[in-house]
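Under the working numbering, think of the first position of the sequence shown as -12, with each following residue one higher.
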Amino acid sequence: MNTDLPRPPTVSLDSTALLLDFDGTLIPYAGQDLLQPTVGDHLLTLLVDLQSATDGAAGIVSGRGIAELDGLLDPVKLAMSGTHGSEIRLSPADPPSLVVSSEGYEEMVQQAQKWGHEHPDTMIEKKFITVAIHFHGLPDLEPAARDFALRMEAEHPNYAAQFGRGVIEMKPKGVDKASGCARLMQQGPFLGRQPLFVGDDVADEEGFAFVNARDGVSIKVGPGETSARYRLDDADAVRTYLASLL
């Protein structure tokens, strides 16, 4: 794991595939409504320009669902891997497709909502095929949230806990951001290009590992140990860097 990292290099968008996390990477966490963050016209324009400059090889790889991302980025549509690799859209014109089973999901949501009522300072977010336990800014609640998530793992063997900063998400096993990156890179305009992945959280380490194994460009956003080879300070720095590639 690295802590002292250089800024990322300038790459050619003619031969690069952009794989971009959303929260904490393209938009900041600070000052945002987690369920309805502000995107802004500048980011939408940047994404359209990147999509054009890469001939379509610009995609979002996020823990959010594809339908949710489409709503936030409307009217822009990109190739996407959503819900931690559980769903995929290889082309903006395609409908999303689910790549895992959702067995046991509704029961798990009910259990999480009951736990949330018992811990009213937390927020339970029902997503497309996952459920997230939010405790941002409440570190004292992390042990209880972690214990609950581990119990859910034991009761729902096809789900696994994904631990992040201020959030734990129960997601289907067998998929992650590495598998999401891999599915995008095997198809269409992404095929044969050098992958560049940008992310900020623990879940993004899987994407960094995928990119590093293919001699790509892995970029960590913000502080902390990471397997990424480069670092940018925050979401503003990410947007500035991406714009510099155009």
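The beta carbon of each residue, even a glycine, is placed where N, CA and C say it ideally should be.
Going by beta carbon distance, what residues of the same chain come within less than 7 Å of residue i, once the five residues before and after it are set aside?
{"i": "leucine 6", "result": "Gly46, Val48, Cys168, Leu171, Pro182, Leu183, Phe184 and Gly194"}
{"i": "leucine 56", "result": "Phe9, Ile47, Ser49, Met67 and Gly69"}
{"i": "arginine 152", "result": "Asp188"}
{"i": "valine 285", "result": "The first residue shown for the chain is -12 and the last is 233, placing residue 285 beyond what the model contains."}
{"i": "tyrosine 228", "result": "Pro(-5) and Leu219"}
Roughly how many angstroms separate the alpha carbons of residue i and residue j, rounded to a whole number?
{"i": "isoleucine 116", "j": "isoleucine 155", "result": "14 Å"}
{"i": "lysine 64", "j": "glycine 52", "result": "13 Å"}
{"i": "glutamate 212", "j": "alanine 141", "result": "29 Å"}
{"i": "methionine 139", "j": "tyrosine 146", "result": "8 Å"}
{"i": "aspartate -9", "j": "alanine 215", "result": "11 Å"}
Starting from the Cα of residue i, find the closest Cα among the options and give me that residue.
{"i": "valine 26", "options": "Arg226, Asp163 and Ser166", "result": "Arg226"}
{"i": "serine 88", "options": "Glu74, Ala224 and His121", "result": "Glu74"}
{"i": "proline 79", "options": "Gln174, Ser205, Ile206 and Ala196", "result": "Gln174"}
{"i": "alanine 99", "options": "Asp61, Asp134 and Tyr217", "result": "Asp134"}
{"i": "proline 126", "options": "Arg76, Lys113 and Thr109", "result": "Thr109"}
{"i": "leucine 13", "options": "Leu77, Leu60 and Val(-2)", "result": "Leu60"}
{"i": "proline 107", "options": "Glu90, Leu128, Lys114 and Gly209", "result": "Leu128"}
Is the distance from the Cβ of residue i to the Cβ of residue j below 7 Å?
{"i": "aspartate 187", "j": "lysine 164", "result": "no"}
{"i": "aspartate 42", "j": "proline 159", "result": "no"}
{"i": "serine 2", "j": "arginine 180", "result": "yes"}
To which residues of the same chain is residue i closer than 6 Å at the C-beta, ignoring the five residues directly before and after it?
{"i": "leucine 232", "result": "Leu0"}
{"i": "glutamate 94", "result": "none"}
So, at 8 Å on beta carbons, what are the nonlocal neighbours of residue i in its own chain, with the 5 sequence-adjacent residues on each side left out?
{"i": "alanine 136", "result": "Ile120, Ala148, Phe150, Ile155 and Met157"}
Mark residue i as exposed unless 16 or more other C-beta atoms lie within 10 angstroms of its C-beta, in which case mark it buried.
{"i": "serine 166", "result": "buried"}
{"i": "leucine 33", "result": "buried"}
{"i": "arginine 201", "result": "exposed"}
{"i": "glycine 103", "result": "buried"}
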